[in-house]
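In the working numbering, the protein residues as written are 2 to 209.
Ideal placement from N, C-alpha and C gives every residue a C-beta, glycine not left out.
Bear in mind the structure is a predicted one, so any value in this text is a computation, not a measurement.
Single-structure report; data block below.
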């Protein structure tokens, strides 16, 4: 008798656009949660959506020390230039957008959580599937979802956050296309730290 063929399990493929809609729904559903807890829930949602997508499609890191160094260097150069001209604005923005209790938790969130998770989803999945322009647009809109409860009463601030994240998405997208996902994560992590961690820590140090 011929051996029965084993049926391969059907793996679920999550469309990136549906993933964005689900994330937006999570953002609306958590508007009543304040403080760092909501940011953690949204990052967790992005991670889970990414893992669902990766069930069918693998992501290439293109890791090498040279690529990571290029991404980190570009991120530090870009963010350092902005920091020179907008130190006080960045300090105030960081305090409003990232209400973490201390410097250690702020650094960990920006460097080890935000950058890898957001780059995995927006560059490794969305940009790969739909292109840089779409990924950057949705990344800017995500900024509004993230920070609506914090900056919603300041429409100009919220609009600036969305526009700024969209522009940064183009930078991260360029690094991703040129040097790979690992470099995009390094670029994003350095931008986060220089723009949102350094101004607060320097201000606290000056204040004694």
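- Rounded C-alpha distance that separates residue 15 from residue 50: On the chain shown, position 14 is the one that residue 15 refers to. On the chain shown, position 49 is the one that residue 50 refers to. Cα-Cα distance, rounded: 8 Å.
- Item | Among 86, 133, 130, 148, the one whose alpha carbon lies nearest that of residue 34 | If you number the chain shown from 1, residue 34 lands on position 33. Looking at the Cα atoms, 148 is the closest of the given residues.
- Message: Along the chain, where does the alpha helix (DSSP H) containing residue 205 start, and where does it finish?
- Response: Position 204 of the chain shown, counting from 1, holds the residue named residue 205. Taken as a continuous stretch (DSSP letters only), the alpha helix (DSSP H) holding residue 205 covers 199 to 208.
- State the DSSP-derived secondary structure class of residue 32, mapped to helix, strand or coil. Residue mapping note: residue 32 aligns to position 31 of the chain shown, counting from 1. Three-state result, residue 32: coil.
- Enclosing alpha helix (DSSP H) for residue 183 [first to last residue]: Working through the chain shown from its first residue, we reach residue 183 at position 182. Counting along the chain, residue 183 sits inside the alpha helix (DSSP H) bounded by residues 182 to 193.
- Span of the alpha helix (DSSP H) around residue 110: Here the question's residue 110 lines up with position 109 in the chain shown. Note, residue 110: premise wrong, no alpha helix (DSSP H); not H, not E.
- With C-beta atoms as the reference, is residue 104 less than 9 Å away from residue 202? Here residue 104 refers to the residue found at position 103 when the chain shown is read from its first residue. Here residue 202 refers to the residue found at position 201 when the chain shown is read from its first residue. Contact: yes.
- Query: The alpha helix (DSSP H) spanning residue 83 covers which residue range?
  - Reply: The residue labelled residue 83 in the question sits at position 82 within the chain shown. Counting along the chain, residue 83 sits inside the alpha helix (DSSP H) bounded by residues 66 to 86.
- Query: If we ignore side chains and look at the alpha-carbon of each, how far apart do residue 132 and residue 170 end up?
  - Reply: The residue labelled residue 132 in the question sits at position 131 within the chain shown. The residue labelled residue 170 in the question sits at position 169 within the chain shown. Rounded to whole angstroms, residue 132 to residue 170 spans 12 Å at the Cα level.
- Message: For a test of the three-state rule: what should DSSP assign to residue 15, helix, strand or coil?
- Response: The residue you call residue 15 lines up with position 14 of the chain shown. Looking at residue 15 - three-state DSSP - the assignment turns out to be coil, as it is neither helix nor strand.
- Message: Can you tell me where the alpha helix (DSSP H) holding residue 41 begins and where it ends?
- Response: Position 40 of the chain shown, counted from the first residue, corresponds to residue 41. Looking at the DSSP string, the run of the alpha helix (DSSP H) that includes residue 41 is 37 to 55.
- Find the nearest neighbour of residue 159 within the set 186, 174, 175, 142, judged by alpha-carbon distance. As a first step, residue 159 is located in the chain shown; it is residue number 158 there, counting from the start. Considering only alpha carbons, the answer is 142.
- Message: Please state the DSSP three-state secondary structure of residue 117.
- Response: Taking the chain shown and counting its residues from 1, one reaches residue 117 at position 116. DSSP places residue 117 in helix when its eight states are reduced to three.
- Message: Please report the straight-line C-alpha distance between residue 52 and residue 134, rounded to a whole angstrom.
- Response: The residue labelled residue 52 in the question sits at position 51 within the chain shown. The residue labelled residue 134 in the question sits at position 133 within the chain shown. So the two alpha carbons sit approximately 23 Å from each other.
- Can at least three beta-carbon pairs, one atom from the stretch 111 to 120 and one from the stretch 37 to 48, be found at a separation below 8 Å? Three or more beta-carbon pairs drawn from the stretch 111 to 120 and the stretch 37 to 48 are found closer than 8 Å, and the two stretches are therefore classed as touching.
- Task: Evaluate residue 109 with the Cβ neighbour count: other Cβ atoms within 10 Å of its Cβ, from every protein chain shown; 16 or more gives buried, anything less gives exposed.
- Result: Numbered from its first residue, the chain shown carries residue 109 at position 108. That one is exposed.
- Query: Which residues in the same chain have their Cβ closer than 7 Å to the Cβ of residue 18, if we skip the five residues on either side of it in sequence?
  - Reply: Against the chain shown, residue 18 aligns to sequence position 17. Cβ within range, chain order: n/a, list empty.
- Assign residue 60 to one of three DSSP states: helix, strand, or coil. Counted from its first residue, the chain shown places residue 60 at position 59. DSSP places residue 60 in coil when its eight states are reduced to three.
- Query: Which of helix, strand or coil does DSSP assign to residue 155?
  - Reply: On the chain shown, residue 155 is found 154 positions in, with the first residue counted as 1. The DSSP-derived three-state label of residue 155 is coil.
- Item | Where residue 102 sits in the DSSP three-state scheme | Residue mapping note: residue 102 aligns to position 101 of the chain shown, counting from 1. It is coil, neither helix nor strand.
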